[in-house]
Amino acid sequence: MITFKVGRRGIGENEPIFIIAEAGINHAGSFSEAQEMVEAAKNAKADAVTFQHIAWNEINSINMSIDDNNEWDNWRLTDQQIAQLFKQAHFYNMAVTACVADFDSLEFIVEAGADFIKIVSGDITCHPFLAKCAATGLPIFLSTGNALIQEVDTALRVIEEAGGSKIVLYHTNSKYPTPPDEVDLRALEVLRAYNYPIGFCDHTEGTAIPLAASALGARVIEKHFSLNPAIIRPDYEVSIGPEELRQFVFDIRTIEKALGEPIKKRYSEGGGYMLVRRSIAAREDLKKGSLIKGEDLAYKRPGTGISPIETETVVGNILDCDVKKGELLAENMLKRPVISIVVICRLKSTRLPQKALLSIHGVASIERCLINCLAVPNINQVVLATSCLAEDDPLEQFTMGGKVKVLRGDPDNVAMRMVQAAQETRADIVLRVTGDSPAVSPEILRILIDAHLKTGKDLTLPTKDHAPGTSADVYTVESLYNLLRQEKPLTHTEYLSFYYLNNPEIFSVNRVELAQAFRYPQWRLTLDEQKDLELLDTIYSGLDIKRAPLYFEKLRDYLLNNPQIPKINSDVSLKWEKNRQLSKEISEATNLKVKFNEQN
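When the letters of the sequence shown are read in order and numbered with my numbering, they come out as residues 69 to 668.
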């Protein structure tokens, strides 16, 4: 916004509001009263005082008949008296002007020392007068009350072309008094677009509306006043008295202080705001090594700990120490979880003997699986967990150049092998991938890991609407320890997730619904039978993937473009799905609420 000076004061966005006490002709032609009005404006601490010095006979034609003008002419002060009032105002360091409408009076007030020129809204289309005012070089306060926006545009162009650049755009209404519902203060927003300071010339009763204008951004406020507003004179209904004027100026200065700067600050003494803010705390006692879940957290004062804003980043961390109920969490209590992918693999398959070693487009099936697991971003370690039996010795060679750790453990207890892998790699979270998944998806595994970290559940796995062989289960290691501590023997750990799904009172489970791009449950991409091998070899051969990861996006596009390929093994199903007796056996065995001695 343009900034300039009027008298000794600046007008602009970052300047104090410029307050004008408009005396007009409320002196009723009494020079001594006019002098008292200058004194009253000074005592009220106004920035400027203005008078009216219109020569009605100069601006009204013989066709114009306004009876009041005869009285107003009688109240018009002499040029010499106006000049004396200007000197008095300047002595008090106030700016001053007299409202004029004819060329001779304009020339007079400029010579007398007027600090600015006020143009009434009725003259906004009198372009010669506008140009003459602009040529004086004085700031121009242009009233727009009688003008449409197109007329304001044209008037500004005339003033600017005549050299005027110091302009205040007044919003006003020339009705005396103006009813509140006709003020339309929001028109100030329209005038602000011109990039000149905006002002409000008030013609309402009282002071509420001009005070509101000051709060809405008016940089100049003009208010009529009188030594005695009870005496009927032309502006008495919209005028306030000297004491009211003093209070009016005080109220505007108070509003200015309250408006402050156009920035959002924090309002409190010192660091006191931290006492009323909250931090992340423990809802219950939490043990070292726990993966933090959303339900583990409470929000308590003071705000000297980790802000609740950081809840999403706290959930999924591992506690590095015990924490008591109600204790505030701190950064040094947390650590990012170590994540390992554990590929569970044996060579004892009866349906497809030694299937992990079978070639899929020149690369062993288990190696395909490990290549895809290594492609998952932000993983700390990939482990190939097999048994300690001699029959599984051939799997020792699949270290992938040292990138994969091979672990030998319990032949039957998958949970034990998972925990052993976690211990060997110092993992807090482990993914269980079955070794018969040569097309396991790096993208889906990353999605599941992210979902697990956000919820902090014991187990995260997808819903069933995905292709078998592309996914994994994500376990919090602490929950695996909890499983091993259960009284009932673990006899079916190859179906490890069932222990979690069938015991919701012990374990929390997060079921993730994958995006549509990963939902192809009709495709079977696991390796159990010869037809599965044929399908997987067809895919890898068709895509000509050497020793590189197979991303699901590429796999999906290929199968959608070759719909005959998924039909190769469409009649093959998971071993337990159609075997009711086996399904019942798994369900009973993985239900930890049924004690071992009650089964016998």
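Glycine residues also receive a C-beta, built at the ideal position from the N, C-alpha and C atoms.
Looking at the DSSP output, T502 sits in a beta bridge with I412. Contact between V251 and E273 fails: their C-beta atoms lie close to 11 Å from each other, not under 8 Å. No residue range can be given for R553, since it is assigned to no beta strand (DSSP E) and is classified by DSSP as neither H nor E. Take S576, set aside five residues on each side of it, and the residues of its chain with a beta-carbon closer than 6 Å to its own are K525 and D526, in chain order. Non-local beta-carbon contacts of G309 in its own chain, meaning distances under 8 Å to residues more than five positions away in sequence, involve F293, S294, L295, N296 and P297 in chain order.
L354 has V391 as its beta-bridge partners, per DSSP. Cβ contact annotation for L253 (same chain, cutoff 8 Å, sequence separation greater than five): H239, F268, I277, A280, A281 and L284, in chain order. In the structure shown, R260 adopts helical secondary structure according to DSSP, grouped into three states. T118 is a Cβ neighbour of E90, given a cutoff of 7 Å. In the DSSP assignment, G78 is bridged to K73. Annotation for A108: A89, F293, L295, P310 and L313 place their beta carbon closer than 8 Å to its own, counting only its chain and skipping 5 residues before and after. Burial is judged here by how many other beta carbons sit within 10 angstroms of a residue's own beta carbon; T538 has at least 16 and is buried. Using a Cβ distance threshold of 7 Å, L442 and A432 do not count as a contacting pair. DSSP places K473 within a strand segment (E or B) once states are collapsed to three.
Straight across, the Cα-Cα distance linking T559 with R494 is about 26 Å. Assignment of A112 by DSSP, reduced to helix, strand and coil, places it in the coil class.
Judged by their CB atoms, D504 and T594 are nearer to each other than the 7 Å cut-off. Across the set D303, A286, P302 and I320, the C-alpha of I320 shows the shortest separation from the C-alpha of T275. Taking C-beta separations shorter than 7 Å and ignoring five residues to either side along the sequence, the partners of Q156 in its chain run Q103 and V106, following chain order. Judged by pairs of C-beta atoms under 8 Å, the segment 454-467 does not touch the segment 527-537, as fewer than three such pairs exist. Put simply, the segment 359-372 touches the segment 381-400. At least three CB pairs are less than 8 Å apart. Beta-bridge partners of T118 (DSSP): E90 and T165.
Setting aside the 5 residues that flank it on each side, V472 is surrounded in the same chain by L438, V450 and L452, each with a C-beta closer than 6 Å to its C-beta; the list follows chain order. Taking all protein chains in view, the Cβ of L327 is surrounded by fewer than 16 other Cβ atoms within 10 Å, so the residue is classified as exposed. Annotation: F293 is outside any beta strand (DSSP E) and is labelled neither H nor E by DSSP.
By DSSP's assignment, S282 forms no beta bridge with any residue. In this structure, the alpha-carbon of R334 lies about 35 Å from that of R76. Looking from the CA of A583, the closest CA among E511, N128 and R500 belongs to E511. Separation of the CB atoms of S347 and I377 is rounded to 10 Å, and the pair is thereby denied contact status at 8 Å.
Beta-carbon to beta-carbon, T531 and E581 are separated by about 5 Å, close enough to satisfy the 8 Å threshold.
Sequence-distant partners of W143 (beyond 5 residues in either direction) whose C-beta falls short of 6 Å from its own C-beta, in its chain, are I93, A96 and G97.
Apart from the 5 residues on each side of it in sequence, F99 sits with its Cβ closer than 7 Å to the Cβ of L145 and Q149 in its chain, given in chain order. Scanning S547, G231, L206 and I187 for the CA closest to the CA of N214 turns up I187.
Shown here for L457: same chain residues with a beta carbon closer than 6 Å to its own, the five before and five after excluded, namely P479 in chain order. Runs of the alpha helix (DSSP H) lying entirely within the segment 168-207 and spanning at least 4 residues, in chain order: 171-180 and 195-203. Per DSSP, the unbroken alpha helix (DSSP H) holding I517 starts and ends at P510 to T523.
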